[in-house]
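Peer 1:
Numbering (the numbering used here), first residue to last: 313 to 748.
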């Protein structure tokens, strides 16, 4: 029992330190040290043999994926191709009403992320489009977070079969599945989460209008002397829209139709994107260098989380947790969902929580005879609920980039990317029990 208490205390420390702005690169070893000391583990040996084994194991499995995905996103961003795709989708959906603008932002973000472009690239491609539209139609800026997080952090991240997100790729390395595993389960969750969030966007917009909120009287990128969000594409020649669509479509086709490994797929689209947009990238070396360097922090952050999870996994407290999970009445897939959700919430990272769950739980549940495809989809979807708590790194980064605070806009993030995915998981789990 003492071991379990130390795990809980370490989790509280992790969340508190993250909310105070400390990097997970510092936090994860610090709380791991706390667990080692309070559980009587030899410090140096546990760091070297357990923490670093988990850390290095994650880097070994996913470094190339993070590297090529980051380079692909940077090439699409700097060339203006991502912006062209966003402009096309906005034109198709329309911008003649406030609600249509919110839906258009959601669709743009979803298309770009499903096409393999990192959410950190998407935010900088979409912000210069969204800001003038919100200003022109007098939409309070805080509402931007509802469609944005719906598009980047729900159905395209964990639910839709075939998505190239890291959350959909991680299970393939442990379970021997493909990115289209259990497609019906993912589609059920996606339909529900989209429906819930479309309703919420309409509700939030109506409530905002009732409160007489406007772009001007709420926090916005120009208020109180803030530097506005700059449009980096203004006055620049941009690639043809048809050509702009080729790389993300090629990625999805190569990955899902030809079933090529994700590393080879990303490598090939990086080469393709470089060739297609060479003339539209001003300083080629900088784009390639920055794309590569941008991969380092996300994978190190996640690996630090996984290292912490590896230390947790060798405690007697975690054995008790594992045993308690497997003894939950009903299908083991439900307890697997709950355990993965908890780990994602604790770490404030969908990929980190999923990585820990795969390292520590997957073999146990496979030994129970569960279907690997069902496990893949259930664990992927589970990683995308509680991960978006206030200490999540992406939440903090995107709020800063959007010139907003937790007080301004976190309520929208919480509804669309915490509550909605958890509700959408219920019909998915029912279908899982019936089908698997």
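Beta carbons are placed, not taken as given, at the ideal position from N, Cα and C, and that holds for glycine. Predicted model only: the values in this text are computed from it and were never measured.
Is the region 552-567 touching the region 584-595 in the sense that three or more CB pairs, one from each, lie closer than 8 angstroms?
Peer 2: Contact holds: three or more Cβ-Cβ distances are below 8 angstroms.
Peer 1: Can you tell me which of the three DSSP states residue 569 falls into?
Peer 2: Three-state DSSP puts residue 569 in coil, outside helix and strand.
Peer 1: Please state the DSSP three-state secondary structure of residue 699.
Peer 2: Three-state result, residue 699: helix.
Peer 1: Please name the residue in 594, 563, 615 whose C-alpha comes closest to that of residue 582.
Peer 2: Checking every option, the nearest Cα to that of residue 582 belongs to 563.
Peer 1: Go through the region 314-390 residue by residue and report every complete run of the alpha helix (DSSP H) that reaches 4 residues or more, in order.
Peer 2: Fully enclosed alpha helix (DSSP H) runs of 4 or longer: 314-331, 336-351, 355-358.
Peer 1: In its own chain, which residues sit with a C-beta less than 7 angstroms from the C-beta of residue 721, not counting the 5 before and 5 after it?
Peer 2: So the list reads 454, 457, 711, once near-sequence residues are dropped.
Peer 1: For the region 469-551, which segments carrying the alpha helix (DSSP H) assignment without a break, of at least 4 residues, lie completely within its bounds, in sequence order?
Peer 2: For the region 469-551, whole alpha helix (DSSP H) runs of length 4 or above, ordered along the chain, are 478-487, 495-522.
Peer 1: Where residue 600 and residue 349 are concerned, what is the direct C-alpha to C-alpha distance, given to the nearest angstrom?
Peer 2: Taking the straight line joining both Cα atoms gives about 43 angstroms.
Peer 1: Rounded to whole angstroms, what is the Cα-Cα separation between residue 331 and residue 339?
Peer 2: For residue 331 and residue 339, the distance between alpha carbons rounds to 11 angstroms.
Peer 1: Return the CA-CA distance between residue 641 and residue 528, expressed in angstroms with no decimal places.
Peer 2: Answer to the nearest angstrom: the Cα atoms are 53 angstroms apart.
Peer 1: Quick check on residue 749: buried or exposed, where buried means 16 or more other Cβ atoms within 10 Å of its Cβ?
Peer 2: Residue 749 lies beyond the stretch modelled for the chain, which goes from 313 to 748, so this question has no answer here.
Peer 1: Would residue 416 and residue 429 be called neighbours here (beta carbons separated by less than 8 angstroms)?
Peer 2: No.
Peer 1: By Cβ distance, which residues of its chain are closer than 6 angstroms to residue 468, with the 5 residues on each side in sequence left out?
Peer 2: Correct list, in chain order: 422, 425, 426, 475.
Peer 1: Nearest to residue 381 by CA position, among 701, 625, 607, is which residue?
Peer 2: Taking only the C-alpha atoms, the option nearest residue 381 is 607.
Peer 1: Determine the closest residue to residue 367 out of 679, 685, 615, with distance taken between C-alpha atoms.
Peer 2: Nearest C-alpha to residue 367: 615.
Peer 1: Just to confirm the assignment: which complete beta strand (DSSP E) runs, minimum length 3, are found wholly within the region 566-623?
Peer 2: The qualifying runs do not exist here; there are none.
Peer 1: Below 8 angstroms between beta carbons: does that hold for residue 650 and residue 637?
Peer 2: Cβ distance < 8 angstroms, so residue 650 and residue 637 count as in contact.
Peer 1: From what residue to what residue does the alpha helix (DSSP H) around residue 705 run?
Peer 2: That run of the alpha helix (DSSP H) goes 705-713.
Peer 1: Output the distance between the C-alpha atoms of residue 351 and residue 517, rounded to the nearest integer angstrom.
Peer 2: Near 51 angstroms, if we compare the C-alpha coordinates of residue 517 and residue 351.
Peer 1: Among the candidates 410, 462, 395, whose CA atom is the shortest distance from the CA of residue 433?
Peer 2: Checking every option, the nearest Cα to that of residue 433 belongs to 395.
Peer 1: If you draw a straight line from the C-alpha of residue 577 to the C-alpha of residue 566, how long is it?
Peer 2: Computed Cα separation, rounded: 6 angstroms.
Peer 1: Residue 428 by DSSP, collapsed to three states: which one?
Peer 2: Note: residue 428 maps to coil in three-state DSSP.
Peer 1: Given that a residue counts as buried once 16 or more other Cβ atoms are within 10 Å of its Cβ, and exposed if not, what is residue 390?
Peer 2: Residue 390 is buried by the Cβ-count criterion.
Peer 1: With the cut-off set at 8 angstroms, would you say residue 472 and residue 442 are in Cβ contact?
Peer 2: Not a contact, by the Cβ cut-off of 8 angstroms.
Peer 1: Looking at the secondary structure, which residues open and close the alpha helix (DSSP H) in which residue 685 lies?
Peer 2: Start and end: 684-694.
Peer 1: Rank 492, 444, 435 by C-alpha distance to the C-alpha of residue 751 and give the top, closest one.
Peer 2: The displayed coordinates of the chain run from 313 to 748. Any statement about residue 751 would go beyond what the structure contains.
Peer 1: What is the residue span of the alpha helix (DSSP H) that residue 647 lies within?
Peer 2: 644-659 is the extent of the alpha helix (DSSP H) around residue 647.
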